[in-house]
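Residue numbers (the numbering used here): 108 to 314.
A virtual CB, placed ideally from N, CA and C, is assigned to each residue, including glycine.
Predicted, not measured: the structure shown is a model, and the values here were computed from it.
One structure below.
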């Protein structure tokens with residue numbers, strides 16, 4: 108019974124932390140003048156959640172968030188703006204494109220866009236790569252190469268936001284953080300699989 112109580116307490120603490128992260132995301136997005144702050148805030152939030160998922164539960168949330176936000180502001184801001192603009196263009200295309208073939212093409216591009224969007228910030232949080240182009244390229248490559256994980260992630264996100272939209276109050280407190288938690292958890296599975304396969308390949312190359 109005590110173990111169950113401890114587990115329940117851990118879940119409650121994590122939920123409160125997710126609410127806190129959501130508040131930080133909103134505050135620092137506004138601090139970055141909205142559009143320019145979306146990318147840095149999302150990367151900072153992703154970095155904190157990545158630490159939790161990888162077992163570092165006791166990290167200082169605000170300090171980690173702020174350090175990531177500040178150190179990666181320029182690159183993350185540019186990436187955030189790029190994805191926002193592309194997303195807006197695709198949204199307008201879906202509204203106004205009438206041709207079946209062009210619409211099918213737009214839907215395909217939307218799928219690739221969503222794949223890349225789900226992976227790019229976890230990649231930025233996980234890998235210490237200097238090249239922005241490499242991060243963008245791998246955000247598509249990883250998502251397509253491990254399509255089964257990506258599709259499961261899409262289903263999980265659809266269910267999460269279906270529930271949140273049924274309870275709009277919860278959307279205010281968990282709208283960004285809980286979705287990001289699902290994204291980081293699933294992409295972390297992909298990263299571990301890639302690293303395991305790379306380790307096996309490296310071992311084979313020694314013989």
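In the three-state scheme derived from DSSP, where H, G and I count as helix and E and B as strand, residue 258 is classed as helix.
Here residue 234 carries a coil assignment [DSSP, helix/strand/coil].
For residue 205, the secondary structure class from DSSP, reduced to helix, strand or coil, is coil. Counting the other CB atoms within 10 Å of its CB gives residue 150 a total of 16 or more, which places it among the buried residues.
Between residue 199 and the set 207, 213, 148, 242, the nearest pair of CA atoms involves 213.
Using a C-beta cut-off of 8 Å, the stretch 167-178 makes no contact with the stretch 188-202, since fewer than three inter-stretch Cβ pairs fall below that distance.
DSSP places residue 246 inside the alpha helix (DSSP H), whose first and last residues are 239-252.
Taking the Cβ atoms as the reference, residue 285 lies roughly 6 Å from residue 267, within the contact range of under 8 Å. For residue 221, same chain residues with a beta-carbon under 8 Å away, outside a window of 5 residues either side, are 261 in chain order.
The three-state reading of DSSP puts residue 141 in coil, since its state is none of H, G, I, E or B.
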